[in-house]
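Trainee: One structure, pasted below without further comment.
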Amino acid sequence: MRRGHAVSSSIQVADVDGDGRAELLVAGWGLEAFDPDLRRKRFAFPAGRRPFASTPAVFSRRGGTQVLVGCDDGSLYATPGLAPSGGVFARTGLDVYSSPVAASSTGEGEPDFVAFGSDDGKVWCLSMEAEPLPGFPVDCGSFVSATPCVADLDGDGRPEVMVGDWNGAFHALTLEGRELPGFPHVAGSAIWSSATAADIDGDGAQELVFATRRLHALRGDGSVAAGFPRLLGSYAVGSPVVVDLDGAGRATILLGADRLYAFDGAGNTRTGFPVTLDGFIWASPVTAESGQSGEQAAFVGTWGGGVHRISRDGGSERLRACKAPIFSTPAIIPGGQGPCVLGAASWDGRVHADVLEGWVVSERCWPSFHRTMGNVRANPARFVPPALPPAEPEAPPAGPRPAVHSAHTKPGAPRHRRAVFLRFEGEGLDQLERARVVYRVAGEDREHPTPLLLDGAGAVALVQPLGVGRRVMYHLEGRTFSGDSLRYPENESNSYAVERLGPLPVGKLVARLDRWN
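Here the sequence shown stands for residues 290 to 806, where the numbers follow the numbering used here.
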């Protein structure tokens, strides 16, 4: 199914029309529902003034199905049952890339509050009447692009809201807006990855797992879990999931970055991992369970356009080759009386569906980006302790001093409404512990940070789609494991301009539409 515009939001699975069958919810310039066979379903949802980039939260309230989703126009939109006035539930003023989480303040019953982050630098918690909870919003001082993890971390019977920001601070907030003792935890690098709550070491208490250039695991008091952090081959944008891959009751942490990584609850790398696929893994894996063996497998999409199945021992199979990169996390529709269906969306606007014969979605699985329809990123399973002792600390990579020799857009000249890849060529870039690209659009008074992702001998960053004629100035900045700074160019910025989509007269028409929008 071709939708006509890029999809970066992860797919949600929910029965939004009440027919007893789950649909794929796909967000972009609108929010649409599709049957497993990709027939578009009738689903009324307000349109934003910009694309929806966050994952929808779906939940039941007072007998009706409600939906919330963040928008790049700085608003949180909702179904009429929550937001009768134009569909706007809340306004932050800057992009809401973070996915909203609908949760209960008592841990039971219907959700009675929603938590989300915004590029205004704040963590928001609102009642279902759109009123801020006392103490909120909490100002973090930097972009909050990750989705909050909502779980009872301190065991008091009430959930906390845990999320990282672009200053590299990881927060654990009570519903009164106060930090728990031991927080915020300073991770060093900007945090885009959403945290997952799970008892990874089998001690009966939940840990928080999230990623930067490292995979981090924190206890409820803010201390670092034994065996962590673990060094990755690149900065990670995606979010970890915690599942029982073997059916033996032990936790496995799965995370996508330059490769697909798998660790046990003590930080040890699983045999057969990391797995190299056909491109960077921007989003998260999902899992399903074999109907015969009870073992789980991971399903991921890559920048190379591949949709892959990875077994517990690291074996991989490409299920589909898409014609464009995949930025969003796929989702699995439970089979019911038939087989499961894996839905994936690619950057060229296509939605793909593949039948998964012999696979089922049980309570042990992680079938969508945030695992639940309400986007609560937690696995409540009671895992047993890992089989191995905690992993030993790692030494940072050694090699030549990092240097960047050149930068260019990839591939070729950037075009209208397409994301732009900035490619940096150099050496020793794997020694960068913290790195990002900062860009500014001519005519705006603010800067936009974006992750720098290591790719072989070079590195790649992504700039959002922009309109015809916009000029973008950018530079790379980072710090090595030894504390040395790197900036490219040293004292200025590179730039490029967004070109028309095609030759006249199509280019003129697109430019007019862009001005009209």
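Glycine is no exception: its CB is placed at the ideal position from the N, C-alpha and C atoms. What you are looking at is a predicted structure, and each value in this text was computed from that prediction instead of being measured.
What three-state label does DSSP hand residue 719 in the structure shown?
Mentor: What you label residue 719 is simply residue 430 of the sequence shown in a count that begins at 1. Note: residue 719 maps to helix in three-state DSSP.
Trainee: Compare the C-beta of residue 589 with all C-beta atoms of chain B and state if any pair is closer than 8 Å.
Mentor: No chain B appears in this structure, which consists of one protein chain only.
Trainee: Roughly how many whole angstroms lie between the Cα atoms of residue 796 and residue 637?
Mentor: As a working mapping, residue 796 is identified with position 507 in the sequence shown. As a working mapping, residue 637 is identified with position 348 in the sequence shown. In this prediction, residue 796 scores a pLDDT of 40, lower than 50, which makes its location untrustworthy; the coordinate-derived value is nonetheless stated afterwards. When rounded, the distance between both Cα atoms is 19 Å.
Trainee: Which term fits residue 798, buried or exposed, when burial requires 16 or more other beta carbons within 10 angstroms of its beta carbon?
Mentor: The residue labelled residue 798 in the question sits at position 509 within the sequence shown. Confidence at residue 798 is low in this model, with a pLDDT of 40, below 50, so the placement of that residue should be treated as unreliable; the coordinate-derived value is given next. So residue 798 counts as exposed.
Trainee: Straight-line CA distance for residue 303 to residue 314?
Mentor: Here residue 303 refers to the residue found at position 14 of the sequence shown. Here residue 314 refers to the residue found at position 25 of the sequence shown. Computed Cα separation, rounded: 7 Å.
Trainee: Could you pull out every residue in the same chain whose Cβ sits closer than 6 Å to the Cβ of residue 783, ignoring the five residues on either side in sequence?
Mentor: Residue 783 sits at position 494 when you count from the first residue of the sequence shown. Hits under 6 Å: 696 and 763.
Trainee: What whole-angstrom Cβ distance do residue 450 and residue 437 have, given they're in contact under 8 Å?
Mentor: Mapped onto the sequence shown, residue 450 falls at position 161. Mapped onto the sequence shown, residue 437 falls at position 148. Sure, about 5 Å apart at Cβ, within 8 Å.
Trainee: Scan the segment 458-508 and note each continuous beta strand (DSSP E) run of 3 residues or more that stays entirely inside, going in chain order.
Mentor: With a minimum length of 3 residues, the continuous beta strand (DSSP E) runs that stay inside the segment 458-508 are 458-462, 485-487, 496-500 and 503-507.
Trainee: Under 6 Å Cβ to Cβ from residue 786, same chain only, skipping five residues before and after it: list those, please.
Mentor: Taking the first residue of the sequence shown as 1, we reach residue 786 at position 497. Here the set comprises 760.
Trainee: Relative to the C-alpha of residue 630, which candidate in 699, 648 and 639 has its C-alpha closest?
Mentor: Here residue 630 refers to the residue found at position 341 when the sequence shown is read from its first residue. Among 699, 648 and 639, the Cα nearest to that of residue 630 belongs to 648.
Trainee: Taking just the CA atoms, how far does residue 427 sit from residue 723?
Mentor: Position 434 of the sequence shown holds residue 723. Position 138 of the sequence shown holds residue 427. Using only the alpha carbons, I get a separation of about 25 Å.
Trainee: Less than 7 Å between C-beta atoms, sequence neighbours within five positions excluded: which residues of the same chain meet that for residue 556?
Mentor: Taking the first residue of the sequence shown as position 1, residue 556 is located at position 267. Answer for residue 556: 516, 517, 519, 679 and 680, listed in chain order.
Trainee: If you drop the 5 nearest sequence neighbours on each side, which residues of the same chain put their C-beta closer than 7 Å to that of residue 690?
Mentor: To locate residue 690, count along the sequence shown from 1; it is residue 401. Within the same chain, residue 690 has close Cβ partners 717.
Trainee: With H, G and I counted as helix, E and B as strand and the rest as coil, what does DSSP make of residue 615?
Mentor: The residue given as residue 615 occupies position 326 in the sequence shown. Residue 615: coil per DSSP, three-state reduction.
Trainee: Among the candidates 334, 472, 353 and 398, whose CA atom is the shortest distance from the CA of residue 508?
Mentor: Along the sequence shown, read from residue 1 onward, the residue named residue 508 stands at position 219. Measuring from the Cα of residue 508, the nearest candidate turns out to be 472.
Trainee: Please report the Cβ distance between residue 330 and residue 323, rounded to the nearest whole angstrom; I am assuming they are in contact, meaning their Cβ atoms lie under 8 Å.
Mentor: Residue numbering aside, residue 330 sits at position 41 when the sequence shown is read from its first letter. Residue numbering aside, residue 323 sits at position 34 when the sequence shown is read from its first letter. So it is a contact: roughly 7 Å between Cβ atoms.
Trainee: Quick one: residues in its chain with C-beta nearer than 8 Å to the C-beta of residue 581, no 5 flanking neighbours on either side, listed in chain order?
Mentor: Against the sequence shown, residue 581 aligns to sequence position 292. Cβ neighbours of residue 581 beyond the five flanking positions: 647.
Trainee: Bridge partners for residue 629 per DSSP, in chain order?
Mentor: In the sequence shown, residue 629 corresponds to position 340, counting from 1. In the DSSP output, where bridge partners are listed per residue, residue 629 has 645.
Trainee: What residues are listed by DSSP as bridge partners for residue 413?
Mentor: What you label residue 413 is simply residue 124 of the sequence shown in a count that begins at 1. The partner list for residue 413 (beta bridge, DSSP) reads 405.
Trainee: Touching or not, the segment 407-426 and the segment 476-489, by the rule of three or more beta carbon pairs under 8 Å?
Mentor: Verdict: no, contact absent.
Trainee: Do residue 742 and residue 750 have their C-beta atoms within less than 8 Å of each other?
Mentor: Taking the first residue of the sequence shown as position 1, residue 742 is located at position 453. Taking the first residue of the sequence shown as position 1, residue 750 is located at position 461. Yes. Within cutoff.
Trainee: Give the list of continuous beta strand (DSSP E) stretches no shorter than 3 residues that lie fully inside the segment 506-574.
Mentor: As far as the segment 506-574 is concerned, its whole beta strand (DSSP E) runs of at least 3 residues are 530-532, 541-545 and 549-553.
Trainee: What number of angstroms, rounded off, separates the C-alpha of residue 394 from the C-alpha of residue 401?
Mentor: Position 105 of the sequence shown, counted from the first residue, corresponds to residue 394. Position 112 of the sequence shown, counted from the first residue, corresponds to residue 401. Taking the straight line from one Cα to the other gives about 7 Å.
Trainee: When you compare the segment 527-540 with the segment 484-504, are there three or more beta-carbon pairs, one atom per stretch, that lie closer than 8 Å?
Mentor: The segment 527-540 vs the segment 484-504: in contact.
Trainee: For residue 681, name the three-state secondary structure that DSSP assigns.
Mentor: Walking along the sequence shown from the start, residue 681 turns up at place 392. Coil, per DSSP.
Trainee: Contact check, residue 610 vs residue 594 under 8 Å by CB: the rounded distance?
Mentor: Working through the sequence shown from its first residue, we reach residue 610 at position 321. Working through the sequence shown from its first residue, we reach residue 594 at position 305. Right, their Cβ atoms sit about 6 Å apart.
Trainee: Skipping 5 residues on each side, what residues in its chain have a beta carbon closer than 8 Å to that of residue 494?
Mentor: Taking the sequence shown and counting its residues from 1, one reaches residue 494 at position 205. Result list for residue 494: 444, 488, 508 and 509, in chain order.
Trainee: If you compare alpha carbons, which of 579, 644 and 318 is closest to residue 536?
Mentor: Walking along the sequence shown from the start, residue 536 turns up at place 247. With distances taken between Cα atoms, residue 536 lies closest to 579.
Trainee: Would you mind working out which of 664, 547 and 623 sits nearest residue 746, comparing C-alpha positions?
Mentor: Numbered from 1 along the sequence shown, position 457 holds the residue referred to as residue 746. Residue 547 is the option with its Cα nearest to residue 746.
Trainee: Pull up the CB-CB distance for residue 305 and residue 344, whole angstroms please, since I reckon it's below 8 Å.
Mentor: Counted from its first residue, the sequence shown places residue 305 at position 16. Counted from its first residue, the sequence shown places residue 344 at position 55. Not a contact, Cβ separation roughly 14 Å.
Trainee: Is it right to say residue 677 is buried, meaning 16 or more other beta carbons lie within 10 angstroms of its own, or is it exposed?
Mentor: Within the sequence shown, residue 677 is the residue found at index 388, counting from 1. With fewer than 16 other Cβ atoms within 10 Å, it is exposed.
Trainee: Closest by CA to residue 454, which one among 708, 433, 467 and 373?
Mentor: For this step, residue 454 is matched to residue 165 along the sequence shown. The shortest C-alpha separation from residue 454 is found at 433.
Trainee: Comparing alpha-carbon positions, which option in 534, 327 and 571 lies nearest residue 523?
Mentor: As a working note, residue 523 is residue 234 in the sequence shown. Looking at the Cα atoms, 571 is the closest of the given residues.
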